[in-house]
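Below: one structure, written as structure tokens.
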Amino acid sequence: MKHLLLCLLLVASVLPARSQWIGAVEDTITHNALREETRRQSLAIDDNNTIHLLYVRDTGGAWELVYHKRPNNSAWGPEESVTTATVANAALAVDRASGHAYAVWEQPGITGTDILLGEETGGVWSNQPVTFGLHQNMDPAISVDGQGKVHVAWVRQDSNGDYYIAYATNRSGFWEESILSASTLGPFGSGATPAIVADQIGRVHIAYRGGNFGTYRIHVAYNTAPGDTNWQYRILTTPNAEDLSCSLAIDRDTTIHLLSSGNDGFGFPTHAHYMTKAAGAPSFNPATPVATGFSAGVGDLFVTPTGDAHAVLDEISGNIYTGNVLYANAAGGWNASYLLQNAGNYGCNLVLDEQGFGYCAVYAGNTFNDQEIVVYGRNFGTGIKDPDDLGTRLQASLTHGELKIRLEQGTLSRVSLIGLNGQRIFTEDTSPDASFSKSLPELASGVYMIEVRVDNQTIRRKLINE
Numbered sequence: 002m003k004h005l006l007l008c009l010l011l012v013a014s015v016l017p018a019r020s021q022w023i024g025a026v027e028d029t030i031t032h033n034a035l036r037e038e039t040r041r042q043s044l045a046i047d048d049n050n051t052i053h054l055l056y057v058r059d060t061g062g063a064w065e066l067v068y069h070k071r072p073n074n075s076a077w078g079p080e081e082s083v084t085t086a087t088v089a090n091a092a093l094a095v096d097r098a099s100g101h102a103y104a105v106w107e108q109p110g111i112t113g114t115d116i117l118l119g120e121e122t123g124g125v126w127s128n129q130p131v132t133f134g135l136h137q138n139m140d141p142a143i144s145v146d147g148q149g150k151v152h153v154a155w156v157r158q159d160s161n162g163d164y165y166i167a168y169a170t171n172r173s174g175f176w177e178e179s180i181l182s183a184s185t186l187g188p189f190g191s192g193a194t195p196a197i198v199a200d201q202i203g204r205v206h207i208a209y210r211g212g213n214f215g216t217y218r219i220h221v222a223y224n225t226a227p228g229d230t231n232w233q234y235r236i237l238t239t240p241n242a243e244d245l246s247c248s249l250a251i252d253r254d255t256t257i258h259l260l261s262s263g264n265d266g267f268g269f270p271t272h273a274h275y276m277t278k279a280a281g282a283p284s285f286n287p288a289t290p291v292a293t294g295f296s297a298g299v300g301d302l303f304v305t306p307t308g309d310a311h312a313v314l315d316e317i318s319g320n321i322y323t324g325n326v327l328y329a330n331a332a333g334g335w336n337a338s339y340l341l342q343n344a345g346n347y348g349c350n351l352v353l354d355e356q357g358f359g360y361c362a363v364y365a366g367n368t369f370n371d372q373e374i375v376v377y378g379r380n381f382g383t384g385i386k387d388p389d390d391l392g393t394r395l396q397a398s399l400t401h402g403e404l405k406i407r408l409e410q411g412t413l414s415r416v417s418l419i420g421l422n423g424q425r426i427f428t429e430d431t432s433p434d435a436s437f438s439k440s441l442p443e444l445a446s447g448v449y450m451i452e453v454r455v456d457n458q459t460i461r462r463k464l465i466n467e
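With this note's numbering applied, the sequence shown corresponds to residues 2 to 467, in that order.
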């Protein structure tokens with residue numbers, strides 16, 4: 002179903018009080034009629050509480066890469082173009098100490114597919130190749146260690162058609178590459194979807210879907226010294242018949258945290274599990290169920306520096322994503338509840354700030370031409386949705402140039418309609434009333450903003466005129 006009014010609903014009767022989400026609202030980052038999507042590793046936060054966001058935008062047959070950041074207690078900054086080349090499977094990481102942002106993605110090369118790295122400096126991105134087009138390289142993941150060095154893992158298909166996990170780091174000042182020759186990805190290895198974390202000194206763990214169709218498990222490869230290519234391997238087990246996806250995180254004490262999900266065959270039901278591996282330990286602890294009672298797959302795992310683990314998950318019905326997002330944390334016994342429940346949110350990513358407030362990035366919308374990037378989190382007056390105690394009063398629609406507004410309580414005093422270029426289509430002071438209508442037969446199709454003054458407060462909404 003296509004929502005003419007993009008409004009993510011937090012259902013208070015379903016979601017128990019969670020301090021991470023007190024006062025949270027939906028902040029719509031994009032305001033256009035273009036298709037935009039988050040990917041895994043689209044959201045990050047640094048030690049200065051700056052939030053970093055990366056997403057892809059469909060420009061008509063090609064995906065470009067866009068970045069925003071929001072300093073602590075401030076509005077989102079202007080969008081920055083990372084690259085306008087045709088990209089796929091982008092991922093974001095930041096140097097937590099410096100706030101320096103990095104992105105990786107796959108891009109067509111001369112004879113294959115390359116992995117590229119982007120680095121942001123003062124609002125400008127500079128890009129460099131990690132690989133050089135000799136193979137099919139795909140689906141990169143990225144991490145930055147405590148010394149500001151970059152680590153990248155991805156899937157490589159060699160000239161024989163075999164798939165392996167590849168790894169590279171720039172610790173020495175130039176890219177050094179390693180092929181994990183013992184990684185077994187099977188004939189459908191392009192879907193191995195690696196995740197990577199690096200500790201303070203540059204030791205890494207790489208998790209990925211390994212094995213063969215029907216018996217997939219999450220495999221973890223790790224080294225015991227920075228730059229060491231003598232990889233150690235572990236195969237993780239859960240009660241699922243097979244496990245298909247994972248998210249990886251590391252805390253200040255170098256404990257490794259892993260969230261995985263899989264199913265009992267034929268795609269359903271989907272169950273998630275959480276595991277940890279203490280610093281220096283040879284193996285992971287037994288799997289703990291996550292979101293018991295739900296069918297849900299891995300969205301994103303976030304772990305605070307002190308080791309508090311939190312997760313968002315995509316609800317699944319059969320083989321179909323419902324568009325609802327679940328939230329759970331270790332402190333709550335991994336019991337899940339709905340965070341966003343309007344059947345229109347996908348690609349969820351999660352961070353928490355130093356005060357413990359959560360932020361969840363999604364792309365929202367059920368048709369390509371109304372997909373927008375939304376961050377659900379603390380409100381600094383920068384979003385287009387107001388707190389629920391005010392916003393739920395308003396019902397608005399814009400169809401074929403017919404604007405209709407109705408309040409469940411309160412009175413209107415002023416209504417404005419604004420185009421995406423900032424041009425005000427009209428502003429009208431209204432007589433005290435609970436409803437307003439206006440015919441705009443010449444209004445072009447597209448996305449607009451309304452500003453409604455209600456009882457000395459302002460409500461803003463995005464509407465689509467069709």
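Using N, Cα and C, we set each Cβ at its ideal position, and we do this for glycine too.
At the level of alpha carbons, what is the spacing between residue i and residue j?
{"i": "V448", "j": "D159", "result": "46 Å"}
{"i": "L66", "j": "Q201", "result": "29 Å"}
{"i": "H152", "j": "Y103", "result": "11 Å"}
{"i": "S1", "j": "G357", "result": "No answer is possible for residue 1: the residues shown for the chain start at 2 and end at 467."}
{"i": "E121", "j": "V156", "result": "25 Å"}
{"i": "W176", "j": "G228", "result": "11 Å"}
{"i": "R58", "j": "K70", "result": "17 Å"}
{"i": "R41", "j": "V299", "result": "10 Å"}
{"i": "L237", "j": "E243", "result": "10 Å"}
{"i": "S191", "j": "E316", "result": "24 Å"}
{"i": "A92", "j": "D28", "result": "21 Å"}
{"i": "T333", "j": "G149", "result": "Rather than Thr, the amino acid found at residue 333 in this sequence is Gly. In a straight line, the C-alpha of G333 is about 33 Å away from that of G149."}
{"i": "I460", "j": "A25", "result": "16 Å"}
{"i": "T239", "j": "F189", "result": "21 Å"}
If you reduce the DSSP assignment to three classes, tell me which class residue i lands in.
{"i": "F369", "result": "helix"}
{"i": "A292", "result": "coil"}
{"i": "A332", "result": "helix"}
{"i": "S99", "result": "coil"}
{"i": "S417", "result": "strand"}
{"i": "S318", "result": "strand"}
{"i": "S261", "result": "strand"}
{"i": "T393", "result": "Low confidence applies to T393: its pLDDT is 48, below 50, so where it sits in the model is not reliable enough to give any reading."}
{"i": "I179", "result": "Note on residue identity: the sequence assigns Ser, not Ile, to residue 179. Reduced to three states, the DSSP call for S179 is strand."}
{"i": "G266", "result": "coil"}
{"i": "W64", "result": "strand"}
{"i": "G123", "result": "coil"}
{"i": "G324", "result": "strand"}
{"i": "Q410", "result": "coil"}
{"i": "G110", "result": "coil"}
{"i": "W22", "result": "helix"}
{"i": "G357", "result": "coil"}
{"i": "S191", "result": "helix"}
{"i": "I202", "result": "coil"}
{"i": "N161", "result": "coil"}
Specify, as a first and last residue, the run of the beta strand (DSSP E) that residue i falls within.
{"i": "H136", "result": "Taken as a continuous stretch (DSSP letters only), H136 belongs to no beta strand (DSSP E), as it is neither H nor E."}
{"i": "F551", "result": "Nothing about residue 551 can be read from this structure; the chain reaches only from 2 to 467."}
{"i": "T29", "result": "25 to 29"}
{"i": "V88", "result": "Segment: none, V88 is in no beta strand (DSSP E) and carries neither H nor E."}
{"i": "D244", "result": "243 to 251"}
{"i": "Q342", "result": "Taken as a continuous stretch (DSSP letters only), Q342 belongs to no beta strand (DSSP E), as it is neither H nor E."}
{"i": "A222", "result": "218 to 223"}
Comparing alpha-carbon positions, which option in the options lies nearest residue i?
{"i": "W232", "options": "V375, V205, S414, G119", "result": "V205"}
{"i": "I419", "options": "A445, T85, N241", "result": "A445"}
{"i": "S438", "options": "Q424, G203, L408", "result": "L408"}
{"i": "G119", "options": "V83, F427, G190, S417", "result": "V83"}
{"i": "G171", "options": "G203, T194, A226, T85", "result": "Looking at the sequence provided, one finds Asn at residue 171 rather than Gly. Nearest option by C-alpha distance: G203."}
{"i": "S432", "options": "M450, R454, L441, T85", "result": "R454"}
{"i": "D146", "options": "L260, A250, N49", "result": "A250"}
{"i": "A199", "options": "I143, G281, N49", "result": "I143"}
{"i": "L395", "options": "H32, D434, H101, P109", "result": "D434"}
{"i": "T87", "options": "T225, D430, G61", "result": "G61"}
Keeping to the same chain, check which residues put their C-beta closer than 7 Å to that of residue i; ignore five residues upstream and five downstream.
{"i": "T132", "result": "D115, I116, N138"}
{"i": "L245", "result": "R210, Y217, S262, G263"}
{"i": "T194", "result": "D140, Y209, R210, S246"}
{"i": "G266", "result": "A242"}
{"i": "T39", "result": "Y56, G348, N350, A362, V363, Y364, I374"}
Note down, in chain order, each residue of its chain lying with its Cβ closer than 6 Å to the Cβ of residue i, except the 5 sequence neighbours on either side.
{"i": "V352", "result": "L44, I46, F303, Y360"}
{"i": "A169", "result": "V131, V153, W176, E178"}
{"i": "A279", "result": "T256"}
{"i": "L404", "result": "K439"}
{"i": "R462", "result": "A397, I451"}
{"i": "S296", "result": "P270, T271, I317"}
{"i": "H292", "result": "Reading the sequence as shown, one finds Ala at residue 292 and not His. Contacts found: A273, L314, L327, A329, A337."}
{"i": "R253", "result": "P306"}
Please return the same chain residues whose Cβ sits closer than 8 Å to the Cβ of residue i, not counting the five positions on each side in sequence.
{"i": "V12", "result": "Residue placement at V12 is flagged as unreliable, the pLDDT there being 33, under the threshold of 50; a coordinate-derived value is accordingly withheld."}
{"i": "L5", "result": "Only weak support exists for where L5 lies, its pLDDT of 27 falling under 50; the coordinates are left without a value."}
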